[in-house]
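Numbering (my numbering), first residue to last: 579 to 911.
Structure record follows, encoded as structure tokens.
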């Protein structure tokens, strides 16, 4: 630390005090501290500072009152212990009212929250302890020059811990919020209506859009749908009631869904028609090739509706099939 020129006025003194915070410690700091302790006027300075402290009532008289515990922090601690994030058994029991996959996913995510909380809490405790020790060391060193009682040091430690407790509250509050979000997503999902299977939804949607002009199934239709979907008739009624409401609220999206099911139904019908047409075409192709049929069945497959007179060659028929050519009857006179 460089030498400061003597202050000639109050402004010079204030400017020098402001510049101290911007100056760095040099190698002579420890030497100057030792010189201060060995100075012949050191005891006189200490007595003067004691008198000033008595006059300004800075000394703490009587015992320090114990600060009450923060109720918000107590509530957060109790919640973290109940959820298995904090406490001696931080594994925490998890209710077995969820499915196997949901329960495993819940445990995995809860473990992640617990690890993050433990790591952040460790960093918080280390920072609080490090800062507190630094302040205590500084005050004990200053107590060699100015009067600082142990009660004052304890009071300063309590102030520091109270300041740090705000960070602790934020950490625990954010952890509790993460646990509550996790619970609402996994454990509390059982309270909501469970969706039907994909196959059941397909059956119900197909019936709904195929009867869109009157989407009110009869009791017989409800019983049949319930049997196909393996649900109750009451569930079928509730599904159609909710479906009609959703359809009216979002007609555009519902129309797209209706077109999709109509296209699927048309494709299914086209597949059936294609199989029928293929069979008819195969039968017709056999009629186009007489050599594939026995000679005695040929006349049976030639229906009366077909005209075979065009291009008829008697000589060809006689040669190919052994049919004698017809004789021309003499005209009647």
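Even glycine gets a Cβ: it sits at the ideal position worked out from N, Cα and C.
Which of the three DSSP states, helix, strand or coil, is assigned to residue i?
i	result
residue 764	coil
residue 590	helix
residue 809	coil
residue 665	coil
residue 839	helix
residue 648	coil
residue 727	coil
residue 790	coil
residue 796	coil
residue 721	coil
residue 709	helix
residue 828	coil
residue 818	helix
residue 657	helix
residue 846	helix
residue 715	helix
residue 775	coil
residue 619	coil
residue 634	coil
Kindly give me the distance between the Cβ atoms of residue i and residue j, rounded to whole angstroms, as I take these residues to be in contact under 8 Å.
i	j	result
residue 764	residue 825	Not a contact, Cβ separation roughly 31 Å.
residue 788	residue 750	56 Å between Cβ atoms; not a contact.
residue 760	residue 688	6 Å
Let me know if residue i comes out buried or exposed under the rule of 16 or more other beta-carbons within 10 Å of its beta-carbon.
i	result
residue 658	buried
residue 754	buried
residue 692	buried
residue 626	exposed
residue 782	buried
residue 654	buried
residue 785	buried
residue 808	exposed
residue 797	exposed
residue 794	exposed
residue 711	exposed
residue 841	exposed
residue 588	exposed
residue 778	buried
residue 884	Note that residue 884 scores a pLDDT of 44, beneath 50, so its modelled location is shaky; the value from the coordinates is reported in the next line. By the neighbour-count rule (16 or more Cβ atoms within 10 Å), residue 884 is not buried but exposed.
Whose C-beta lies closer than 7 Å to the C-beta of residue i among residues of the same chain, with five residues either side of it excluded?
i	result
residue 800	811, 814 and 815
residue 709	738
residue 918	The structure shown does not extend to residue 918, since the chain spans only 579 to 911, so no value can be given for it.
residue 650	747
residue 817	782
residue 790	836
residue 713	734 and 738
residue 618	none
What residues in its chain sit with their C-beta under 6 Å from that of residue i, if we drop five residues either side in the sequence?
i	result
residue 695	663 and 753
residue 673	Here residue 673 scores only 46 on pLDDT, less than 50, and its place in the model is too uncertain to base an answer on.
residue 593	none
residue 740	none
residue 821	786
residue 912	Any property of residue 912 remains undetermined from this structure, which presents the chain solely from 579 to 911.
residue 628	725
residue 665	659
residue 823	none
Leaving out five residues before and five after residue i in sequence, what residues of the same chain have Cβ atoms less than 8 Å from its Cβ?
i	result
residue 702	742, 745, 746 and 749
residue 624	723, 724 and 725
residue 705	742
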